[in-house]
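Undergrad: Protein sequence lines correspond, in order, to chains R and S. When the first sequence is numbered by the working numbering, its final residue is 287 and no position is left out of the sequence of numbers. When the second sequence is numbered by the working numbering, its final residue is 308 and no position is left out of the sequence of numbers. Even for Gly, the Cβ is constructed at its ideal location relative to N, Cα and C. Being a predicted model, the structure only gives us computed values, none of them experimental.
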Amino acid sequence: MPDPILTLQGLNAFYGDFQALYGIDLEVAEGEVLAIIGANGAGKTTLMRSISSLTQNRPEMVRYRGEDIGALRADEVAARGIALVPEGRQLFPSLSVEENLIIGGQIGRKGAWSLPAIYKLFPILEERRHQQSTSLSGGQQQMVAIGRALMANPDLILFDEISLGLAPIIIKDIYAALPGIIGEGMSALIVEQDITKALAVSSRFYCLQEGRVSLEGTSATIAREDISRAYFGVA
Amino acid sequence: MEWVNAIVQGTLLGGLYALFAAGLSLIFGVMRLVNIAHGDLIVLGAYLGLSVTTVLGLNPLLALIVVVPIMAAFGYVLQRGILNQTLGKDILPPLLVTFGLSVIIQNALLESYSADPQKLNAGALETASVAVGSLSMGLLPLLTFGIAIAVIAALQWTFYRTALGRAFRATSDNQEIAQLMGLNRRHIFGLAMALALSVTAIAGIMLGIRTSFDPSIGGGRLIFGFEAVIIGGLGNLWGTLVGGVILGVAQAIGAKIDPGWQLLAGHIAFLVILALRPNGLFPRING
């Protein structure tokens with residue numbers, strides 16, 4: 053396996069007294085697409101927030117390109133090339149579609165992604181570029197959220213539940229676009245409740261259950277029964 | 022004709038109130054901070070203008086070149102050093118801290134400048150007037166009104182046409198996600214306060230040229246600023262100008278009926294609008 057771009061070592065996360073993650077160990081290789089699966093409340097979103105530094109960690113718990121970034125601020129982590137497509141899209145309602153994209157690129161990292169490239173990927177966004185982001189459909193908003201993260205030209209992109217609340221046909225479109233997005237040499241972490249979708253786009257996966265890794269393996273060869281057991285914690 | 026005159030003078034006075042209010046509106050819009058010390062910061066701006074005009078012998082309007090950067094720097098340091106620490110889910114800490122700041126500024130001014138009323142001397146500008154028909158308009162109120170329009174247009178442009186304004190709006194919408202865009206909210210808030218106190222410096226100097234001031238008048242300016250913001254609708258800068266004008270006209274009409282009614286009439290106009298349109302006349306549409 054090539055050198056890891058991201059290494060989590062014994063990552064714990066808390067919300068007040070409640071512990072959401074227990075000693076997560078995880079590695080993402082350069083250029084690898086990794087899936088994180090698990091039921092509601094398993095800690096998937098918390099894991100994304102920890103990697104992005106939206107929740108504070110100890111420095112050595114999150115290691116990125118040989119640097120301990122666990123205790124950095126979220127904007128410092130973003131500047132190092134980690135972008136998050138957050139759960140529920142979370143666009144800026146006061147900004148137009150185009151402004152949402154531009155602000156994503158404000159970090160100023162060089163790379164393949166720019167406004168024209170995003171509009172080529174999602175042509176509908178160019179038509180709607182002067183509209184308020186909240187006036188778009190859910191699927192179009194998700195495109196803006198993905199585009200906003202890509203505009204930062206990240207080396208590691210985190211997708212948190214990008215199919216949540218979208219119509220199946222839209223989900224199909226977005227997953228069809230994913231290989232083209234990640235194909236540019238980026239590494240990706242995909243959090244998904246739809247196991248089939250997650251396994252289809254990833255090379256390896258981790259399954260979370262109640263804040264712990266209950267199973268990890270190769271996406272192509274894993275047996276469904278093993279996943280069910282790891283997912284629900286029943287035999 | 023006397024009534025028309027009252028309305029015109031009130032409108033021009035509204036420009037000054039809009040200047041009081043613009044900084045307040047900006048700060049609330051970006052970081053949901055209600056700055057109780059805003060009126061005292063206006064008075065601080067006037068006193069800084071006094072020192073600069075006395076020491077350097079400048080016209081108060083030229084003193085702006087010195088006072089605006091000083092107030093902006095003070096705003097940035099104040100925000101990063103103190104106010105950022107008070108921001109959070111609870112709205113009480115920033116209220117308490119800015120209230121304390123208000124007391125501190127008042128007493129510091131009292132200590133350094135005494136309680137004697139002071140005035141900025143702008144020379145002939147203060148008494149010059151232009152005649153339009155049978156109306157006579159003071160050059161200073163006209164200039165103040167023009168500055169208010171220019172300031173609000175500049176703030177509007179900054180908010181909606183620049184990267185800084187985009188960062189303000191994004192941070193106001195969602196602080197967490199704005200951080201993911203590489204924006205350090207503490208720095209963004211510092212810049213917002215710097216911008217707000219630049220406007221406050223202008224407001225203070227225009228106030229100081231127009232009337233005499235002493236360290237205790239901050240509270241009253243804060244009320245006028247609040248009323249203009251609320252009448253216009255939170256988060257709407259042009260609405261703030263309209264709010265200032267409505268307040269100014271109500272005061273002028275009140276004073277026309279009976280000089281003792283000037284302030285009361287302004288407050289009554291504010292209460293009536295608050296009762297009929299609790300969100301103000303032009304609340305920000307999006308959200």
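Would you call the region 224-231 of chain S in contact with the region 263-270 of chain S, where contact means no fewer than 3 C-beta pairs closer than 8 Å?
TA: Taking 8 Å as the limit for Cβ pairs, the verdict is that the region 263-270 of chain S does not touch the region 224-231 of chain S.
Undergrad: Quick one: residues in its chain with C-beta nearer than 6 Å to the C-beta of E178 of chain R, no 5 flanking neighbours on either side, listed in chain order?
TA: As a working note, residue 178 of chain R is residue 126 in the first sequence. Taken in chain order, the residues that qualify are Y171.
Undergrad: Any beta carbon from chain R within less than 7 Å of N300 of chain S's own beta carbon?
TA: Along the second sequence, read from residue 1 onward, the residue named residue 300 of chain S stands at position 279. No, N300 of chain S does not count as interfacial toward chain R.
Undergrad: Below 7 Å on C-beta distance, what does A191 of chain S contact in chain R?
TA: On the second sequence, residue 191 of chain S is found 170 positions in, with the first residue counted as 1. By Cβ distance, chain R contributes F144, L147, I155.
Undergrad: Let me know if N205 of chain R comes out buried or exposed under the rule of 16 or more other beta-carbons within 10 Å of its beta-carbon.
TA: Position 153 of the first sequence, counting from 1, holds the residue named residue 205 of chain R. Under this definition N205 of chain R is a buried residue.
Undergrad: Kindly list, in the order they appear in chain R, the residues whose Cβ is closer than 7 Å to that of A184 of chain S.
TA: Along the second sequence, read from residue 1 onward, the residue named residue 184 of chain S stands at position 163. The contacting residues are Q158.
Undergrad: Out of S:G253, S:Q283, S:L292, S:M52, state which residue places its alpha-carbon closest to the alpha-carbon of P304 of chain S.
TA: Position 283 of the second sequence holds residue 304 of chain S. Considering only alpha carbons, the answer is S:G253.
Undergrad: Work out the CA separation of A199 of chain S and I159 of chain R for me, nearest whole Å.
TA: Residue 159 of chain R sits at position 107 when you count from the first residue of the first sequence. Residue 199 of chain S sits at position 178 when you count from the first residue of the second sequence. Looking at the two C-alpha atoms, the distance is approximately 11 Å.
Undergrad: Around the Cβ of F314 of chain S, are there at least 16 other Cβ atoms within 10 angstroms (buried) or fewer (exposed)?
TA: In the structure as shown, chain S begins at 22 and stops at 308. Residue 314 of chain S is therefore absent and cannot be evaluated.
Undergrad: Give the interface partners of D207 of chain R over in chain S, defined as CB-CB distance under 9 Å, in chain order.
TA: Here residue 207 of chain R is taken as the residue at index 155 of the first sequence, counted from 1. The contacting residues do not exist; D207 of chain R stays about 14 Å from chain S at best.
Undergrad: Which residues does DSSP pair with T270 of chain R in a beta bridge?
TA: For the purposes of this step, residue 270 of chain R is identified with residue 218 of the first sequence, where counting begins at 1. DSSP lists R:R256 as partners of T270 of chain R.
Undergrad: Evaluate the contact criterion for the region 54-74 of chain R versus the region 93-108 of chain R: three or more CB pairs, one atom per stretch, below 8 Å.
TA: Touching, per the Cβ criterion.
Undergrad: Can you give me the C-alpha to C-alpha distance between R231 of chain S and G102 of chain S, rounded to a whole angstrom?
TA: As a first step, residue 231 of chain S must be located in the second sequence, where it is residue number 210. As a first step, residue 102 of chain S must be located in the second sequence, where it is residue number 81. Whole-angstrom Cα-Cα distance: 33 Å.
Undergrad: Counting only the same chain and skipping the five closest in sequence on each side, list residues whose C-beta sits under 7 Å from that of F166 of chain S.
TA: In the second sequence, residue 166 of chain S corresponds to position 145, counting from 1. Result list for F166 of chain S: L33, G36, in chain order.
Undergrad: For the beta strand (DSSP E) containing A240 of chain R, list its first residue and its last residue.
TA: Numbered from 1 along the first sequence, position 188 holds the residue referred to as residue 240 of chain R. Start and end: 239-244.
Undergrad: Taking Cβ-Cβ distances shorter than 9 Å, what residues in chain S pair up with P111 of chain R?
TA: Taking the first residue of the first sequence as position 1, residue 111 of chain R is located at position 59. Those do not exist, as P111 of chain R stays about 18 Å from chain S at its closest Cβ, beyond 9 Å.
Undergrad: Which same chain residues end up closer than 8 Å to Y227 of chain R when comparing Cβ atoms and leaving out the 5 residues on each side of it in sequence?
TA: Taking the first residue of the first sequence as position 1, residue 227 of chain R is located at position 175. Around Y227 of chain R: S215, K249, A252, V253.
Undergrad: Using the Cα positions of G308 of chain S and R242 of chain S, report the straight-line distance between them to the nearest angstrom.
TA: The residue you call residue 308 of chain S lines up with position 287 of the second sequence. The residue you call residue 242 of chain S lines up with position 221 of the second sequence. Bear in mind that a pLDDT of 33 at G308 of chain S, under 50, signals an unreliable position, so the number given afterwards is only what the model happens to contain. So the alpha carbons of these two residues sit roughly 29 Å apart.
Undergrad: Tell me which residue opens and which closes the beta strand (DSSP E) that V55 of chain S is part of.
TA: Translated into positions along the second sequence, residue 55 of chain S becomes position 34. Here V55 of chain S belongs to no beta strand (DSSP E), and DSSP marks it neither H nor E.
Undergrad: Name the chain R residues whose beta carbon is nearer than 7 Å to that of L204 of chain S?
TA: Counting from 1 along the second sequence, the entry for residue 204 of chain S is found at position 183. D127, listed in chain order.
Undergrad: How far does the alpha helix (DSSP H) with L146 of chain S in it extend, from its first residue to its last?
TA: The residue given as residue 146 of chain S occupies position 125 in the second sequence. Where L146 of chain S is concerned, there is no enclosing alpha helix (DSSP H), given that its DSSP letter is neither H nor E.
Undergrad: Can you tell me whether S110 of chain R is buried or exposed? The criterion is at least 16 other CB atoms within 10 Å of its CB, across all chains shown.
TA: Position 58 of the first sequence, counting from 1, holds the residue named residue 110 of chain R. Contrary to the premise, residue 110 of chain R reads as Arg rather than Ser in this sequence. It is exposed - the Cβ of R110 of chain R has fewer than 16 other Cβ atoms within 10 Å.
Undergrad: Leaving out five residues before and five after A282 of chain R in sequence, what residues of the same chain have Cβ atoms less than 8 Å from its Cβ?
TA: Numbered from its first residue, the first sequence carries residue 282 of chain R at position 230. Once the five neighbours on either side are set aside, the close Cβ partners of A282 of chain R are C259, Q261, S266, L267.
Undergrad: Are the CB atoms of L241 of chain R and L218 of chain R within a distance shorter than 7 Å?
TA: As a first step, residue 218 of chain R is located in the first sequence; it is residue number 166 there, counting from the start. As a first step, residue 241 of chain R is located in the first sequence; it is residue number 189 there, counting from the start. Cβ distance not < 7 Å, so L218 of chain R and L241 of chain R don't count as in contact.
Undergrad: CA-CA distance, V250 of chain S and A42 of chain S?
TA: By 1-based counting over the second sequence, the position of residue 250 of chain S is 229. By 1-based counting over the second sequence, the position of residue 42 of chain S is 21. So the alpha carbons of these two residues sit roughly 6 Å apart.
Undergrad: Which of the residues in the region 162-189 of chain R, read from start to end, lie with their CB under 7 Å from any CB of chain B?
TA: Although the question refers to chain B, the structure presented lacks it and instead comprises the protein chains R and S.
Undergrad: In this structure, does DSSP put Q61 of chain R in helix, strand or coil?
TA: Counting from one through the first sequence, the residue named residue 61 of chain R turns up at place 9. Strand.
Undergrad: With burial defined as no fewer than 16 other Cβ atoms inside 10 Å of the residue's Cβ, what is the status of H182 of chain R: buried or exposed?
TA: As a working mapping, residue 182 of chain R is identified with position 130 in the first sequence. Under this definition H182 of chain R is an exposed residue.
Undergrad: Could you tell me which chain R residues have their CB closer than 7 Å to the CB of N195 of chain S, listed as they occur along the chain?
TA: Translated into the one-based positions of the second sequence, residue 195 of chain S becomes position 174. Here the neighbours are Q142, F144.
Undergrad: Should the region 72-90 of chain R be called in touch with the region 121-133 of chain R, which here means at least 3 C-beta pairs below 8 Å?
TA: With a cut-off of 8 Å, the region 121-133 of chain R and the region 72-90 of chain R do not count as touching, because too few Cβ pairs lie within range.
Undergrad: May I ask you to verify whether the region 181-191 of chain S touches the region 142-159 of chain R, counting CB pairs closer than 8 Å and requiring at least 3?
TA: The region 181-191 of chain S is in contact with the region 142-159 of chain R.
Undergrad: Got a sec? Which residues, its chain only, sit under 7 Å from L106 of chain R by beta carbon, not counting five neighbours each side?
TA: Taking the first residue of the first sequence as 1, we reach residue 106 of chain R at position 54. Closer than 7 Å at Cβ, skipping near neighbours: A126.
Undergrad: Please list the segments of the alpha helix (DSSP H) lying wholly inside the region 202-237 of chain S, counting only runs of 4 or more residues, in order along the chain.
TA: The region 202-237 of chain S contains these whole alpha helix (DSSP H) runs: 206-231.
Undergrad: Quick check on I198 of chain S - is its C-beta less than 7 Å from some C-beta in chain R?
TA: Position 177 of the second sequence, counted from the start, is the residue given in the question as residue 198 of chain S. Judged by the 7 Å Cβ criterion, I198 of chain S is in contact with chain R.
Undergrad: Just the chain S side, please: which residues come within less than 8 Å of E104 of chain R by C-beta, in chain order?
TA: By one-based count along the first sequence, residue 104 of chain R stands at place 52. Note that residue 104 of chain R corresponds to Ser in the displayed sequence, not to Glu. The contacting residues are L201.
Undergrad: Counting along the chain, where does the alpha helix (DSSP H) carrying E150 of chain R start and finish?
TA: As a first step, residue 150 of chain R is located in the first sequence; it is residue number 98 there, counting from the start. E150 of chain R -> alpha helix (DSSP H) spans 149-156.
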